[in-house]
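With my numbering applied, the sequence shown covers -16 to 134. For glycine and all other residues, C-beta sits at the position ideal for the given N, C-alpha and C.
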Amino acid sequence: MALAACATPAAEVPSAAGRLDRLSWLVGDWRRLDRPNAAGERWWRDGNQLRAEAWHTGEHGQELDERLTIEARGDELVYIAEVVGKAGSPTEFLLTQQSAGVVAFENRAHLRPWRIEYVSNSALLLARVHFAAAGGQKSKVLEIPFARPDK
-16 MALAACATPA
-6 AEVPSAAGRL
4 DRLSWLVGDW
14 RRLDRPNAAG
24 ERWWRDGNQL
34 RAEAWHTGEH
44 GQELDERLTI
54 EARGDELVYI
64 AEVVGKAGSP
74 TEFLLTQQSA
84 GVVAFENRAH
94 LRPWRIEYVS
104 NSALLLARVH
114 FAAAGGQKSK
124 VLEIPFARPD
134 K
C-alpha cells in the first residue's frame, strides 16, 4: 500500500481526438513555393477530421489532384490519401510521430509512398514524401515546400 502511494502515474497519452486538435497548424491555405500560383493544399477541420484538397492550376482553373483526410479512429490517427481518378485509391497511413510542428504517418505495405510527414514553423510547411526504392537502393524523399499565400 505504501509503495502504491509512491508510484509515479504513467504519462497520460492524449486521445486521438486530442492529437487531432494538436494539428490545427495544418489548417488553412498552403501554396507550393516551387509553383506558388499553380499548386497547393487547402486544409480545414470537419468534425472529428482534418480534410484537405491538393490542387494544381490547369487549363480550366484549379483542378483537384488528391483528397486528404486525417481522422481519429479509435485510439489512432489515420491519414487517408485518395488520388483523383486512380484505381486502388484511397490509401491509409497510421500516425507514427507527432510533436510540436511535426507529424508523420506510415504504411510499410504501401511502398510508393510509404511515409508522409509534415513539418511546420507556422509560416512555412514542408511535406516530405518517402518512396521505397527497388533492389536495395536508398529510398527517395520528395520535399515539397509550402507557404501561406498571404506571407
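- Straight-line spacing of the CA atoms in V124 and G23 works out to 19 Å.
- Across the structure, V66 and T52 are spaced so that their CA atoms are roughly 12 Å apart.
- Judged by DSSP in its simplified three-state form, W8 adopts helix.
- In this structure, T74 lies near A64, with their beta-carbon atoms less than 8 Å apart.
- Under the DSSP assignment, S82 falls in the beta strand (DSSP E) whose first and last residues are 74 to 82.
- DSSP, read as helix, strand or coil, puts A92 in coil.
- Looking from the CA of W97, the closest CA among F114, R56, A83 belongs to F114.
- Between L9 and the set Q45, G57, G84, E89, the nearest pair of CA atoms involves G84.
- Its Cα nearest to that of R95, the residue A117 stands out among G41, A117, L3.
- For W38, the enclosing beta strand (DSSP E) stretches over residues 32 to 41.
- By the CB criterion at 8 Å, R2 and D12 fall outside the cutoff.
- Beta-bridge pairing by DSSP links L3 to no other residue.
- Taking each of N20, E54, P(-3), G71 in turn and checking the Cα distance to Q45, the smallest one comes out for N20.
- Taking the Cα of Y62 as reference, the smallest distance to any Cα among G41, E49, A70 is reached at E49.
- In the DSSP assignment, R25 falls within the unbroken beta strand (DSSP E) covering 22 to 29.
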